[in-house]
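Novice:
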Amino acid sequence: MSEILKTQLELSVKELEGGKSPLEDIDLQTLEIWFDRINNKLLNGLPQAITEDDIKPIVEVLIHKRTQFIMEQSAIKPSKAKREPKAKAKTKSSNIIFEALDFDLDLDDL
Amino acid sequence: MNDLNQNPLPKNTSFSEKLPALQISIDSTSLGAFKTCPEYYNLAIRLGYVLDSIYENADLKWGLEFHAAMELFDRLKSQNIDTKTALIETIKHTLIRTWDKETSQPWISENPNKTRFTLIRAVIWYVEQFKNDPLETIILANGKPAVELSFRFESGIYSMSTEEQFMLCGHIDRLIKFHNQIFVTDKKTTKYQLDDNFFDHFNPDNQMSLYDLAGSVVFNQQIEGIIIDGIQCQVNGNKFRRGFIYPGINREVWLNHLKFWLRQLELTALEEQQNPNYPWPKNDKNCIRYGRPCEFAKVCRENLSMRQKILNTHYKRRVWDPLITREV
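Heads up: the sequence lines are chains F and D, in that order. Residue 0 is where the first sequence starts when you use numbering that gives the first Met the number 0, and the numbers rise one by one after that. Residue 0 is where the second sequence starts when you use numbering that gives the first Met the number 0, and the numbers rise one by one after that.
1. Buried or exposed: where does D:Leu290 fall if 16 or more other Cβ atoms within 10 Å of its Cβ makes it buried?
2. Residues bridged to D:Lys176 by DSSP?
3. Could you check whether F:Leu41 and D:Trp98 sit closer than 8 Å to each other, using their CB atoms as the reference points?
4. Quick one: grab the DSSP three-state call for D:Glu223.
5. Please name the residue, chosen from D:Leu94, D:Pro37, D:Ser29, D:Tyr40, that lies closest to F:Ala48 on a Cα-to-Cα basis.
6. Out of curiosity, what's the CA-to-CA distance linking D:Asp73 and D:Met207?
7. At 4 residues or longer, what runs of the alpha helix (DSSP H) sit wholly inside the region 15-93 of chain D?
8. Do you know how far the Cα of D:Leu21 is from the Cα of D:Leu269?
9. Going along the chain, which unbroken runs of the beta strand (DSSP E) with 3 or more residues stay wholly within the region 186-242 of chain D?
10. How is the alpha helix (DSSP H) around D:Phe129 delimited, first residue to last?
11. Taking the alpha helix (DSSP H) that D:Leu266 falls in, what are its first and last residues?
12. Does chain D have any CB closer than 8 Å to the CB of F:Lys85?
13. Which stretch, first to last residue, makes up the alpha helix (DSSP H) that contains D:Leu148?
14. State buried or exposed for D:Val146, treating a residue as buried only when at least 16 other CB atoms are found within 10 Å of its CB.
15. Measure the C-alpha to C-alpha separation of D:Met69 and D:Phe218 and round it to an integer number of angstroms.
16. Identify the continuous beta strand (DSSP E) that holds D:Lys315 and give its terminal residues.
17. Might you give, ordered along the chain, the residues of its own chain that have their beta carbon closer than 6 Å to the beta carbon of D:Cys286, omitting 5 neighbours on each side?
18. Is the beta carbon of D:Gly169 less than 8 Å from the beta carbon of D:Leu209?
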C-alpha cells in the first residue's frame, strides 16, 4: 500500500473514531482501501488477523451511503411519478408481459 | 451414443435403488425442473449437466453468498448477540468466503450488479433496513433457532412400480413468528423493480407451495404464509420490499396435483429404463423462458447423433442431491 493511501486511510479511520467524520467526503475509493487492508491479510493467509477495527469502517460508511442513497432516491421520485401514469395508460398489458419476460428468476431455488 | 458414466460422479442418494432413473426424494428444484420440461429435468437434475459458464454464474454465486451471510447473521442474533457485533462477524465471514485462495484474489464477477462489493453492501443495507424487524425467529424444541432448516417428509404418494414412497425435501430459510402467527421466510433478489408483479411471481409457485407444506408437516406448525424479502440489486444501491403470500389456501389441491406430476415422472423414468439415453419428452413451449433460451436449447436443436458430443463439449456434470444438507 502506498504511503499516501496509508495516510488517507489512517486519517479516515481517525475521523470515524472521533465521531466527527465528514462521511459525505468518503468516496468508494476510500472504501476500497479498507477492502484492500482486509485483502492483504487474506493474501498473507491471515484471516484470523481480520479484526473488528478492519470491518467497522466499512460497515459505518456503507450505512451512511445507504442514507445518501435513500435521500437521492426520494429526491428523484417526483419526476418519475409524473412519467409513470402516461406510460402505463398507453400499454398496460404489454408492460406486464415485458416485466414477466424480463424478470430475473435465476435464484429461484436458493 | 457415448457412455454417460465415463467419468462416474458420486452417487445421487435421492434416486431409487430399484428404478435408478426415478428420483424418490424430490425438492422444489427437481420438481420445478420436471414441471418446466421433462428433458430439462433429465439433463439438469438426473444427469447433472450444467453449462460450463454456470460455474461462474455471478447471480448464483452472489445469491448463495447472500443467503449464507444472512443465515449466519440470523443464527448469531438468535444467540442474543447484539446486531452490531453479529453484523461485523457476518461481514468478516463473507469477506473470507469470497476470497479465492487458489487465485489469491477476491471473487471477480463480470456482472456489475452482483460483485463482492455489492454483496457486502446488500448484507449491511439489509440488516439496516430490517434492524427493528418485528419478525421473531422461532426457537425449536431442541433449543436451536429455526434457521436454514433442512426438511424431509413422506408425501403419502407411492411409486407404482417400486412401491417406494416419494419423499419431499429441501431447505427453508427461516421460520418466524409475526403477530402470533407463524410464517416461512425467504429472500429473493432481482435487478428489476420490487412492484406487485415481483411478488405475484411467487404465488402460485412450486417452491413456495412446497415450503408452505413443509412448514406445516415437518415442523408441526400452523403456517400462515410465506414472507418474501425482495432485494433489488443495482450498481448504485439496493432497495428492499417485504411481501406476504398465502399459498396455504391451496395446500391440499397442490398436494393432490403432486400425484399427477410424480406419476409423469415415474412413467418417464420407466421409459428411460426401456430406452436408455433417449431424450425425454420436451416441453417445447418452454424453450425460451424469461426472454432467454433454455441452457440446453443447443442440445435439443441438434440431431440425436450429436447430442452426447454437445453435452460433453459444452457442459460439465455435477450431482444435484437434495438430501445433502447445506453447510455454512
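Where is the CB? At the ideal position from N, CA and C, for every residue including glycine.
Specialist: Based on what the coordinates show:
1. Translated into positions along the second sequence, residue 290 of chain D becomes position 291. Per the sequence shown, the amino acid found at residue 290 of chain D is Gly instead of Leu. Label assigned to D:Gly290: exposed.
2. If you number the second sequence from 1, residue 176 of chain D lands on position 177. Looking at the DSSP output, D:Lys176 shares a beta bridge with D:Glu135, D:Ile181.
3. Stepping through the second sequence from its first residue, residue 98 of chain D is reached at position 99. Stepping through the first sequence from its first residue, residue 41 of chain F is reached at position 42. Cβ distance < 8 Å, so D:Trp98 and F:Leu41 count as in contact.
4. As a working note, residue 223 of chain D is residue 224 in the second sequence. Strand at D:Glu223.
5. To locate residue 48 of chain F, count along the first sequence from 1; it is residue 49. The candidate whose alpha carbon is nearest that of F:Ala48 is D:Leu94.
6. For this step, residue 73 of chain D is matched to residue 74 along the second sequence. For this step, residue 207 of chain D is matched to residue 208 along the second sequence. So the alpha carbons of these two residues sit roughly 21 Å apart.
7. DSSP runs (the alpha helix (DSSP H)) wholly in the region 15-93 of chain D: 27-35, 37-40, 57-77.
8. Reading the second sequence from its first residue, position 270 is the one you call residue 269 of chain D. Reading the second sequence from its first residue, position 22 is the one you call residue 21 of chain D. Those two C-alpha atoms are separated by around 8 Å.
9. Residue ranges of uninterrupted beta strand (DSSP E) with 3 or more members, entirely inside the region 186-242 of chain D and ordered along the chain, are 222-233.
10. Numbered from its first residue, the second sequence carries residue 129 of chain D at position 130. Element bounds for D:Phe129: n/a, residue is neither H nor E.
11. On the second sequence, residue 266 of chain D is found 267 positions in, with the first residue counted as 1. Here the alpha helix (DSSP H) through D:Leu266 covers 250-273.
12. In the first sequence, the residue the question calls residue 85 of chain F occupies position 86. Because the pLDDT of F:Lys85 is 46, which lies under 50, any placement of that residue in the model is unreliable, and the number read from its coordinates should be weighed accordingly. No, no contact with chain D.
13. To locate residue 148 of chain D, count along the second sequence from 1; it is residue 149. No alpha helix (DSSP H) contains D:Leu148, which is instead part of the beta strand (DSSP E) from 146-157.
14. Against the second sequence, residue 146 of chain D aligns to sequence position 147. It is buried - the Cβ of D:Val146 has at least 16 other Cβ atoms within 10 Å.
15. Within the second sequence, the letter at position 70 stands for residue 69 of chain D. Within the second sequence, the letter at position 219 stands for residue 218 of chain D. Spanning the two alpha carbons is a distance of roughly 21 Å.
16. Position 316 of the second sequence holds residue 315 of chain D. The continuous beta strand (DSSP E) containing D:Lys315 extends over residues 314-316.
17. Taking the first residue of the second sequence as position 1, residue 286 of chain D is located at position 287. Closer than 6 Å at the Cβ level, and outside the excluded window around D:Cys286, lie Cys293, Ala296.
18. On the second sequence, residue 169 of chain D is found 170 positions in, with the first residue counted as 1. On the second sequence, residue 209 of chain D is found 210 positions in, with the first residue counted as 1. In contact: D:Gly169 and D:Leu209 (Cβ atoms closer than 8 Å).
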